[in-house]
Structure formats: C-alpha cells, structure tokens
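Residue numbers (numbering that gives the first Met the number 0): 0 to 119.
One structure below.
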Amino acid sequence: MNGSGAQILIGTNTYTGSTSVKNGTLGLGEAGSIADSSIVDVSQGAIFDISQTNSGASVKDMGGAGGIDLGSQTLTLTAADPDTVYSGVASGSGGLTVSGGTETLSGANTYTGVTTVASG
C-alpha cells in the first residue's frame with residue numbers, strides 16, 4: 000500500500016507475496032486476513048492495524064519501522080527470520096506470539112498484552 004489513506008481488508012486474502020505498507024494505514028477488519036505466508040514490512044510513518052479483527056492475525060514475519068496497532072488482538076509470527084528486524088512500535092492491549100523462527104524487536108514497544116514464544 001502506498002498512499003496517505005486507510006485500506007481495510009475484511010475478507011480472507013490468500014496471495015503468497017509480501018505485504019508492504021509504505022504510507023497510510025493497512026487494516027484488517029472483522030474476519031479480514033492476509034496469508035500467513037506473507038512477510039509484512041511497515042515503513043516509518045505507516046501503520047499495520049489488526050485492532051478491528053475478530054481473532055487477531057497471523058503472518059510469516061514482521062519488519063520495518065512503522066507502527067502496529069494491536070488493539071486487544073494478538074499478532075502471531077509463524078516463521079520469523081532472524082535477519083528481519085522490527086524497529087517500530089507495537090501498541091495496544093493485545094499481544095505478540097512467535098510460533099516459529101526468531102524475531103528481533105528493537106523499538107520502544109508499548110503493547111501491554113502477553114508476549115509468547117511458542118517455538119523458535
């Protein structure tokens with residue numbers, strides 16, 4: 000996504016490529032999802048928002064310096080790459096789960112939910 004507005008995905012998306020949020024907000028709403036094989040890269044100043052989902056979101060890996068709005072949901076990383084660094088700020092009362100691989104968080108995250116390393 001490369002624009003200043005917001006795009007909210009409410010359906011199930013099954014593409015297998017990476018997802019780049021360059022500007023604005025890419026949100027998932029209701030049952031909206033992107034393929035859990037997708038790597039999400041959020042540029043500084045952009046936002047990846049899962050706060051309006053019914054049950055959180057699963058993606059392969061997370062990178063970049065932009066924001067993640069968890070709301071009360073959990074973001075699950077299924078195959079994090081140790082060479083990918085997320086330096087942005089994840090916020091909200093939701094949590095982060097790493098169910099595979101190694102994720103490096105270098106930002107001043109403010110989310111207050113549970114951090115779970117299930118595998119990796």
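Glycine included, C-beta positions come from ideal geometry on N, C-alpha and C.
From the DSSP output, which residues share a beta bridge with Q6?
In DSSP, Q6 forms a bridge with L25.
Between the beta-carbon of G55 and the beta-carbon of Q72, is there less than 8 Å?
Between G55 and Q72, the C-beta spacing is below 8 Å.
Please name the residue, chosen from T114, G4 and P81, that lies closest to S90 on a Cα-to-Cα basis.
The candidate whose alpha carbon is nearest that of S90 is T114.
Helix, strand or coil for S32, going by three-state DSSP, please let me know.
Of the three classes helix, strand and coil, the one that applies to S32 here is strand, per DSSP.
Which whole runs of the beta strand (DSSP E) in the segment 79-116 are 3 residues long or more, in chain order?
DSSP runs (the beta strand (DSSP E)) wholly in the segment 79-116: 89-91, 94-97 and 114-116.
Outcome for I7 when other beta-carbon atoms lying within 10 angstroms are tallied against a minimum of 16:
By the C-beta density criterion, I7 is exposed, having fewer than 16 other C-beta atoms within 10 angstroms.
Straight-line Cα distance separating P81 from A5
Going by the C-alpha atoms only, they are around 30 Å apart.
Is it right to say S37 is buried, meaning 16 or more other beta carbons lie within 10 angstroms of its own, or is it exposed?
Taking a 10 Å sphere around the C-beta of S37, we find 16 or more other C-beta atoms and assign the residue as buried.
Which same chain residues, not among the five before or five after T111, have their C-beta less than 6 Å away from its C-beta?
Counting only Cβ-Cβ distances below 6 Å, and skipping sequence neighbours, we find S92.
Buried or exposed, going by whether 16 or more other CB atoms sit within 10 Å of the CB of Y85?
Classification of Y85: buried, given that the 10 Å Cβ count is 16 or more.
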